[in-house]
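Read in order, the letters of the sequence shown are residues 247 to 353 in the numbering used here.
Structure record follows, encoded as structure tokens.
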Amino acid sequence: ERLISVPRQVEFPTTGGRTAFGYYYPPKNHRYVCTTDTNGPPLLVKAHGGPTACTGTSFNPNIQFWTSRGFAILDVDYGGSTGYGREYRRRLRGSWGIVDIDDVCNG
Numbered sequence: 247e248r249l250i251s252v253p254r255q256v257e258f259p260t261t262g263g264r265t266a267f268g269y270y271y272p273p274k275n276h277r278y279v280c281t282t283d284t285n286g287p288p289l290l291v292k293a294h295g296g297p298t299a300c301t302g303t304s305f306n307p308n309i310q311f312w313t314s315r316g317f318a319i320l321d322v323d324y325g326g327s328t329g330y331g332r333e334y335r336r337r338l339r340g341s342w343g344i345v346d347i348d349d350v351c352n353g
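In structure tokens:
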């Protein structure tokens, strides 16, 4: 329990004044203390396969590996992902490789 990072859903602004979604996993290790003067821990950003799928919050040992070593993870549900309504899923129409990459970079 002292090493398991629990995700929280986040929203963030993206290209075109739109909003994108994801899950933020904070670093979780009682022995880890950030010693640098930065705005936060190092962040790894990942995107699920697709094009129209979604990420989940079930236990993922690959994510927990990094969070237990001081990294934060943002698992992005880019425009086109399922679970956020029809309009959100349709954002990828004619824009594969654009909308999804923009959302991941803006995350």
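The beta-carbon is built from N, C-alpha and C at its ideal position, and this holds for glycine as well.
Values in this document were obtained by computation on a predicted structure and should not be read as measured data.
**Item:** Reduced DSSP secondary structure (H/G/I, E/B, other) of valine 252
**Value:** In the sequence shown, counting from the first residue as 1, residue 252 sits at position 6. DSSP places valine 252 in coil when its eight states are reduced to three.
Answer yes or no: do glycine 268 and valine 345 have a C-beta to C-beta separation smaller than 7 Å?
-> On the sequence shown, position 22 is the one that residue 268 refers to. On the sequence shown, position 99 is the one that residue 345 refers to. No, these two residues do not count as a Cβ contact at 7 Å.
Checklist entry - Leaving out five residues before and five after valine 350 in sequence, what residues of the same chain have Cβ atoms less than 7 Å from its Cβ? => result To locate residue 350, count along the sequence shown from 1; it is residue 104. Answer for valine 350: Val291, Ala293, Val322 and Tyr324, listed in chain order.
Backbone secondary structure at arginine 264 - three-state DSSP: Here the question's residue 264 lines up with position 18 in the sequence shown. Correct three-state label for arginine 264: strand.
- Cβ of cysteine 300 within 7 Å of any chain D Cβ: You won't find chain D in this structure, because it holds only one protein chain.
For threonine 230 and aspartate 348, which I take to be in contact (beta-carbon distance under 8 Å), what is that distance rounded to the nearest angstrom?
There is simply no residue 230 to check, as the chain begins at 247 and stops at 353 in what is shown.
**Message:** Taking 7 Å as the threshold (C-beta atoms), are threonine 313 and lysine 274 in contact?
**Reply:** For this step, residue 274 is matched to residue 28 along the sequence shown. For this step, residue 313 is matched to residue 67 along the sequence shown. In contact: lysine 274 and threonine 313 (Cβ atoms closer than 7 Å).
**Item:** Opening and closing residue of the alpha helix (DSSP H) in which isoleucine 344 lies
**Value:** By one-based count along the sequence shown, residue 344 stands at place 98. Taken as a continuous stretch (DSSP letters only), isoleucine 344 belongs to no alpha helix (DSSP H), as it is neither H nor E.
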